[in-house]
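Asks:
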Amino acid sequence: MNKYDVIIVGSGFAGSTLARKFAEDQKKVLIYEKRSHIAGNMYEEVLDNGVRVHKYGPHIFHTNNKKVFDFLKQYGEWYFYEHRVVGKINNILVPIPFNFRSLELLYNQEESQKIKDKLKEIYPDQKKVSILDLINNSDETIKKFGEFVYKNVFENYTAKQWNIPISEIDKSVINRVPVILGYDDRYFQDQYQYMPKQGYTKLFERLLDHENIEIQLSTNALDDLSIQEDQIYWKGEKFSGIVIYTGQIDELFDYKFGVLPYRSLDLVFENYDMNYYQSSSVVNYPNEEKFTRITEFKYFSNQLIPKATTILKEYPKKYQIQEDCIPYYAIIDDENREKYNQYDELVQKIPNLYMCGRLAEYKYYNMDTVIERALELYEKEFQ
Ligand SMILES: Cc1cc2nc3c(=O)[nH]c(=O)nc-3n(C[C@H](O)[C@H](O)[C@H](O)COP(=O)(O)OP(=O)(O)OC[C@H]3O[C@@H](n4cnc5c(N)ncnc54)[C@H](O)[C@@H]3O)c2cc1C
Numbered sequence: 015m016n017k018y019d020v021i022i023v024g025s026g027f028a029g030s031t032l033a034r035k036f037a038e039d040q041k042k043v044l045i046y047e048k049r050s051h052i053a054g055n056m057y058e059e060v061l062d063n064g065v066r067v068h069k070y071g072p073h074i075f076h077t078n079n080k081k082v083f084d085f086l087k088q089y090g091e092w093y094f095y096e097h098r099v100v101g102k103i104n105n106i107l108v109p110i111p112f113n114f115r116s117l118e119l120l121y122n123q124e125e126s127q128k129i130k131d132k133l134k135e136i137y138p139d140q141k142k143v144s145i146l147d148l149i150n151n152s153d154e155t156i157k158k159f160g161e162f163v164y165k166n167v168f169e170n171y172t173a174k175q176w177n178i179p180i181s182e183i184d185k186s187v188i189n190r191v192p193v194i195l196g197y198d199d200r201y202f203q204d205q206y207q208y209m210p211k212q213g214y215t216k217l218f219e220r221l222l223d224h225e226n227i228e229i230q231l232s233t234n235a236l237d238d239l240s241i242q243e244d245q246i247y248w249k250g251e252k253f254s255g256i257v258i259y260t261g262q263i264d265e266l267f268d269y270k271f272g273v274l275p276y277r278s279l280d281l282v283f284e285n286y287d288m289n290y291y292q293s294s295s296v297v298n299y300p301n302e303e304k305f306t307r308i309t310e311f312k313y314f315s316n317q318l319i320p321k322a323t324t325i326l327k328e329y330p331k332k333y334q335i336q337e338d339c340i341p342y343y344a345i346i347d348d349e350n351r352e353k354y355n356q357y358d359e360l361v362q363k364i365p366n367l368y369m370c371g372r373l374a375e376y377k378y379y380n381m382d383t384v385i386e387r388a389l390e391l392y393e394k395e396f397q
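In this note's numbering, each residue's number is its place in the sequence shown (first place is 1) plus 14.
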């Protein structure tokens, strides 16, 4: 008889949400986490200068899913936070996504008025329009404006982020880049936009604080778990309980169909002896600089620390399988999806193995979608 009913690999939102659900159902859960801390990419830590930073890049919670927010509210207090981003275009900081204010800052008054009037005339009832729509418009003013936004906001930023020529970017991606038809300068329009008052790490501590949950940090689960002939083995013995895997699916199967590629980031933190470094939490640098954006964390944590602040610069890079390189963004195209499906076929043969999360499913998920996915998996398979 095994000591645990459920083994969960990974303590990010996917693994931790499921761990809590099983634990409340009186199942004994063991979580493996290869890092030295819980919370996956949501982990926050306090630096020597007192500033609380998001160690794996800035994370802003936003969702339209009430169920997800209700679930999270049980584990900590949240404060209302609407995210706003500016971008440095032609040396001027303008709201991103591009809106009427951005237009006014970058064009002279006569021109900006002309473009705004045309936008209102052509898209009378819309709150936003995609840049692809603008570029394909038959009106010369609108078309030129669309090309300006494409070139200055999207083109170089995307090339930096993905390191591929812009011609290879899927049209559907370009189609999702909006221009806001008005002055709404919020980065997200979701119904629930909040940040955890005491930070994500505290939230995870509460989420995982249950007598039925045991956590083993700094341990690669694959040192103890293996798959042989469609059976799961744990410490050399057949394991018939449930295994939830939230790590990289290709690693689980020893990359037998090849490596699933990702983009990674060099995250460079800098400390300054000043109250604030920049005028908003995130400034995008779409063009000249090698980094894509600078985040200043005091805007998220609301910490009143005089003469100390910390910023983060993000430099995109290729993901390589090595200890200090983190797979951040799945490069999802037909070829890689096909490779993923081959791995997934192996998973389907193992009745007690379940994949959940951004790495296991090879998808770009926001945190709310990961939680939603974990709750749905639990309800469908285990409730
Ligand atoms: C730079 C960046 C910014 C983002 N910003 C936002 C944002 O603003 N808002 C938002 O909603 N979403 C954001 N996201 C998405 C968000 O990070 C993810 O949705 C969420 O973290 C996914 O949770 P997860 O549990 O699937 O994965 P993770 O958080 O990555 O957790 C997986 C865990 O599994 C562990 N693990 C893997 N393999 C093993 C193994 N073999 N043994 C033991 N442990 C293992 C890993 O160490 C990790 O801790 C952002 C993502 C990135 C990359």
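For every residue, glycine included, the Cβ atom is placed at its ideal position computed from N, Cα and C.
#1: Could you please give me the residues that DSSP links to V60 through a beta bridge?
#2: Who are the Cβ neighbours of L117 in its own chain at under 7 Å, not counting the five residues just before and after it?
#3: Entirely within the region 282-316 and at least 3 residues each: give me those beta strand (DSSP E) ranges in chain order.
#4: If you run the structure through DSSP and keep just helix, strand and coil, what is A173?
#5: Return the chain-ordered list of same chain residues with a C-beta closer than 7 Å to the C-beta of Y18, the five sequence neighbours on each side being excluded.
#6: Confirm, please, whether the CB-CB distance from P179 to K142 is below 8 Å.
#7: Measuring CB to CB, does K321 end up less than 8 Å from D287?
#8: Take Y247 and list the residues in its own chain whose beta-carbon comes closer than 6 Å to its own, dropping the five residues that flank it on each side.
#9: Kindly list the residues whose CB is nearer than 8 Å to the CB of K185, restricted to its own chain and excluding five residues on each side of it in sequence; keep chain order.
#10: Less than 6 Å between C-beta atoms, sequence neighbours within five positions excluded: which residues of the same chain meet that for Y46?
#11: In the DSSP assignment, find the unbroken alpha helix (DSSP H) run with Q29 in it and report its ends.
#12: According to DSSP, what are the bridge partners of K128?
#13: Assign E228 to one of three DSSP states: helix, strand, or coil.
#14: Does the distance between the C-beta of K48 and the nearest non-hydrogen atom of ligand 1 fall short of 7 Å?
#15: Closest to H73 by CA distance: which of Y269, Y208, E284 is it?
#16: Near K211, which residues of its chain fall below 6 Å by C-beta distance, leaving aside the five closest residues on each side in sequence?
#17: Quick check: is any heavy atom of ligand 1 less than 7 Å from the C-beta of M56?
#18: Which one of N170, V273, G160 has the shortest CA to CA distance from E349?
#19: Given 7 Å as the limit, tell me if I74 has its C-beta closer than that to any heavy atom belonging to ligand 1.
#20: What's the C-alpha gap between N55 and Q123?
#21: Between the region 24-43 and the region 376-385, are three or more C-beta pairs nearer than 8 Å?
#22: Ignore the nearest five residues each way along the sequence and tell me which others in A37's own chain have a CB closer than 7 Å to its CB.
#23: Under the rule that 16 or more other beta-carbon atoms within 10 Å means buried, what is I335, buried or exposed?
#24: Could you compute how far the alpha carbon of G371 sits from the alpha carbon of L360?
#25: In terms of DSSP beta bridges, what is L107 paired with?
#26: Run the CB neighbour count on E135, radius 10 Å, all protein chains shown included, and call it buried at 16 or more, exposed below.
#27: How would you call Y206, buried or exposed, if buried means at least 16 neighbouring beta carbons within 10 angstroms?
#28: Quick one: residues in its chain with C-beta nearer than 6 Å to the C-beta of E58, no 5 flanking neighbours on either side, listed in chain order?
#29: Can you give me the C-alpha to C-alpha distance between E219 and V257, rounded to a whole angstrom?
#30: Buried or exposed: R190, going by 16 or more other Cβ atoms within 10 Å of its Cβ?
#31: What is the residue span of the beta strand (DSSP E) that V43 lies within?
#32: When you compare each of Y171, T155, Q292, I325 to E302 by their alpha carbons, which one comes out closest?
#33: How close, in whole Å, do the beta carbons of N150 and P330 come, if the pair is a contact with beta carbons under 8 Å?
#34: If you drop the 5 nearest sequence neighbours on each side, which residues of the same chain put their C-beta closer than 7 Å to that of F85?
Replies: Reading off the structure:
#1: Secondary-structure assignment with DSSP links V60 through a beta bridge to R66.
#2: Cβ within range, chain order: S126, I129, K130.
#3: DSSP runs (the beta strand (DSSP E)) wholly in the region 282-316: 296-298, 307-310.
#4: Looking at A173 - three-state DSSP - the assignment turns out to be helix.
#5: Within the same chain, Y18 has close Cβ partners K42, V43, L44, G255.
#6: No, the Cβ-Cβ distance between K142 and P179 is not below 8 Å.
#7: Against a cut-off of 8 Å, the Cβ pair of D287 and K321 comes out as a contact.
#8: For Y247, where only same-chain residues beyond five positions count, the Cβ hits under 6 Å are S240.
#9: Excluding positions up to five away in sequence, the list reads L146.
#10: Annotation for Y46: V23, Q230, T233, A235 place their beta carbon closer than 6 Å to its own, counting only its chain and skipping 5 residues before and after.
#11: Residue identity differs from the one stated: residue 29 is Gly in this sequence, not Gln. In the DSSP assignment, G29 falls within the alpha helix (DSSP H) that extends over 27-38.
#12: Answer by DSSP bridge pairing: none, since K128 is not bridged.
#13: Strand, per DSSP.
#14: Within the cutoff, so yes.
#15: Out of Y269, Y208, E284, the CA that lies nearest to the CA of H73 is found in Y208.
#16: So the qualifying residues of the chain are E91, Y93.
#17: Ligand 1 approaches M56 closely enough that one of its heavy atoms is under 7 Å from the residue's Cβ.
#18: Closest option to E349, Cα to Cα, is V273.
#19: Yes, Cβ of I74 sits closer than 7 Å to a heavy atom of ligand 1.
#20: About 44 Å.
#21: Verdict: yes, contact present.
#22: Correct list, in chain order: V43, H224, N226, I227.
#23: Using a 10 angstroms sphere on the CB of I335, the tally of other CB atoms stays under 16, which defines it as exposed.
#24: Each residue's Cα considered, the two are about 17 Å apart.
#25: Among the bridge pairs identified by DSSP, L107 is matched with K102.
#26: Around the C-beta of E135, fewer than 16 other C-beta atoms lie within 10 Å, and the residue is accordingly described as exposed.
#27: Buried: at least 16 other Cβ atoms inside 10 Å.
#28: Result list for E58: R66, H68, G213, Y214, T215, in chain order.
#29: The alpha-carbon atoms of E219 and V257 are separated by roughly 22 Å.
#30: It is exposed - the Cβ of R190 has fewer than 16 other Cβ atoms within 10 Å.
#31: Here the beta strand (DSSP E) through V43 covers 43-46.
#32: When only C-alpha atoms are compared, the closest one is Y171.
#33: In fact, because the Cβ distance is near 29 Å, the residues do not count as touching under 8 Å.
#34: Apart from the 5 residues on each side of it in sequence, F85 sits with its Cβ closer than 7 Å to the Cβ of I385, L389 in its chain, given in chain order.
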